[in-house]
Amino acid sequence: MEWKWLRFIRMAVMLLVLEGRRWCTTDACLEHERIALLHLKPFFNYRNHLQSWVEVKGSDCCKWERVECNTTTRRLIQLSLNSTKWEFNVEYWYLNASMFLPFEELRSLYLSENAIAGCIENEGFGKLSSTLSNLEILDLSRNYLNDSILLSLSELSSLRYLDLSYNRFERSSHPRESDKELYYHQMFDYKITISSLQQAFNSDKANNM
Ligand SMILES: *[C@@H]1O[C@H](CO)[C@@H](O)[C@H](O)[C@H]1NC(C)=O
Ligand SMILES: *[C@@H]1O[C@H](CO)[C@@H](O)[C@H](O)[C@H]1NC(C)=O
Ligand SMILES: *[C@@H]1O[C@H](CO)[C@@H](O)[C@H](O)[C@H]1NC(C)=O
Ligand SMILES: *[C@@H]1O[C@H](CO)[C@@H](O)[C@H](O)[C@H]1NC(C)=O
17 MEWKWLRFIR
27 MAVMLLVLEG
37 RRWCTTDACL
47 EHERIALLHL
57 KPFFNYRNHL
67 QSWVEVKGSD
77 CCKWERVECN
87 TTTRRLIQLS
97 LNSTKWEFNV
107 EYWYLNASMF
117 LPFEELRSLY
127 LSENAIAGCI
137 ENEGFGKLSS
147 TLSNLEILDL
157 SRNYLNDSIL
167 LSLSELSSLR
177 YLDLSYNRFE
187 RSSHPRESDK
197 ELYYHQMFDY
207 KITISSLQQA
217 FNSDKANNM
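Once you know that position 148 of the sequence shown is 164 in the numbering used here, the rest is easy, because the numbers rise by one and skip nothing.
Written out as structure tokens, the structure is:
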């Protein structure tokens, strides 16, 4: 008789644990991703666009504006921080790309129209290459980026789509190489793929050997 009770209690506890785990994974985003979003907030909250990003413990950041999560894992897969500073004459600034490191399952990152002039030293996009292995879409269009950002971007090998249009790239930095010129021209006006960026850097390396 006693043995039966023990078995019943053990089963009840197991059910509670399982149910609790299910509740945790379906009803809120990960705490460290929520905190990382709050660290990003001051840089992108120009004109109070991110009102739903609140400092309340347990708040489900998957429901915050401009955030999209995988419905199963509850981890961030898309972050749309575009157009938070779109006006003319907004002061340019330098981004710390390491702030995106906690979002390990991120697939799309939209950062256009933000007056970004580059990354702060040693905190460039290259730092994300091993951790954000699912990052496929990166939109950096309509910022104040120049050629110095390109090397770190070429390290993001998972990218399928990279938009660098309307920045401040120099068309004439390699005046003797006609193919290079085409590539800068494309980058200035249109959308390019990461493979053409990597090819350009690989041919640079080969040429310098
Ligand atoms: C969500 O994550 C699961 C498990 O990793 C994966 O199988 C599924 O394809 C993902 N869904 C989306 C929409 O990314
Ligand atoms: C941000 O970019 C996404 C994807 O291109 C787009 O759907 C959305 O409308 C943009 N948001 C703003 C505020 O421009
Ligand atoms: C950049 O952000 C990371 C992650 O938030 C932080 O650990 C690091 O100290 C920051 N770097 C600088 C130079 O502020
Ligand atoms: C390009 O941007 C970097 C910072 O990201 C800056 O130090 C450099 O002076 C800029 N170069 C030109 C030609 O504007």
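C-beta atoms are modelled at their ideal positions from N, C-alpha and C, and glycine is treated no differently.
Since the structure is predicted, the reported quantities are computational estimates derived from the model, not experimental observations.
Item to check | Member of N61, L125, Y110 and L161 whose CA lies at the smallest distance from the CA of F116 | outcome: Position 100 of the sequence shown, counted from the first residue, corresponds to residue 116. Closest in C-alpha terms to F116, from the list N61, L125, Y110 and L161, comes L125.
Item to check | Y254 in three-state terms, based on DSSP | outcome: Not covered by the structure: residue 254. The range shown for the chain is 17 to 225.
Checklist entry - Does the beta carbon of D76 fall short of 8 Å from some heavy atom of ligand 2? => result Position 60 of the sequence shown, counted from the start, is the residue given in the question as residue 76. No, the beta carbon of D76 sits no closer than 8 Å to any heavy atom of ligand 2.
Next on the checklist: Is A133 a contact residue of ligand 3, with contact defined as CB to any heavy atom under 8 Å?
Outcome noted: As a working note, residue 133 is residue 117 in the sequence shown. No heavy atom of ligand 3 is found nearer than 8 Å to the CB of A133.
Item to check | Cα-Cα separation between L156 and S168, rounded to whole angstroms | outcome: One-based indexing of the sequence shown puts residue 156 at position 140. One-based indexing of the sequence shown puts residue 168 at position 152. Their Cα atoms are separated by approximately 13 Å.
Next on the checklist: Which same chain residues end up closer than 8 Å to C135 when comparing Cβ atoms and leaving out the 5 residues on each side of it in sequence?
Outcome noted: The residue given as residue 135 occupies position 119 in the sequence shown. Excluding sequence neighbours, C135 sits near Y110, L111, N112, A113, F141, I165 and S168.
Next on the checklist: Here's a check: name, in chain order, each residue in its chain whose Cβ is nearer than 6 Å to the Cβ of H65, leaving out the five neighbours to either side.
Outcome noted: Stepping through the sequence shown from its first residue, residue 65 is reached at position 49. Correct list, in chain order: T100.
Item to check | CB-CB length for L122 against L151, believed under 8 Å | outcome: Indexing the sequence shown from 1 puts residue 122 at position 106. Indexing the sequence shown from 1 puts residue 151 at position 135. With 8 Å as the limit, L122 and L151 qualify as a contact, their Cβ atoms being about 6 Å apart.
Checklist entry - Going straight from the alpha carbon of G74 to that of H48, what length do you get? => result In the sequence shown, the residue the question calls residue 74 occupies position 58. In the sequence shown, the residue the question calls residue 48 occupies position 32. One C-alpha to the other measures close to 11 Å.
Item to check | G140, DSSP secondary structure in three states | outcome: One-based indexing of the sequence shown puts residue 140 at position 124. Of the three classes helix, strand and coil, the one that applies to G140 here is coil, per DSSP.
Next on the checklist: Can you tell me whether E84 is helix, strand or coil according to DSSP?
Outcome noted: As a first step, residue 84 is located in the sequence shown; it is residue number 68 there, counting from the start. E84 falls in the strand class under three-state DSSP.
Checklist entry - Hey, how far is the Cα of L161 from the Cα of S181? => result Counting from 1 along the sequence shown, the entry for residue 161 is found at position 145. Counting from 1 along the sequence shown, the entry for residue 181 is found at position 165. Near 10 Å, if we compare the C-alpha coordinates of S181 and L161.
Next on the checklist: So, for N16: in the same chain, excluding its five sequence neighbours on each side, which residues have a beta-carbon less than 6 Å away from its beta-carbon?
Outcome noted: The structure shown has nothing for residue 16, since the chain only spans 17 to 225.
Checklist entry - Grouping DSSP H, G and I as helix and E and B as strand, with all else coil, what is S170? => result Translated into the one-based positions of the sequence shown, residue 170 becomes position 154. Looking at S170 - three-state DSSP - the assignment turns out to be coil, as it is neither helix nor strand.
Checklist entry - DSSP state of A52, grouped into three classes? => result Mapped onto the sequence shown, residue 52 falls at position 36. Helix, per DSSP.
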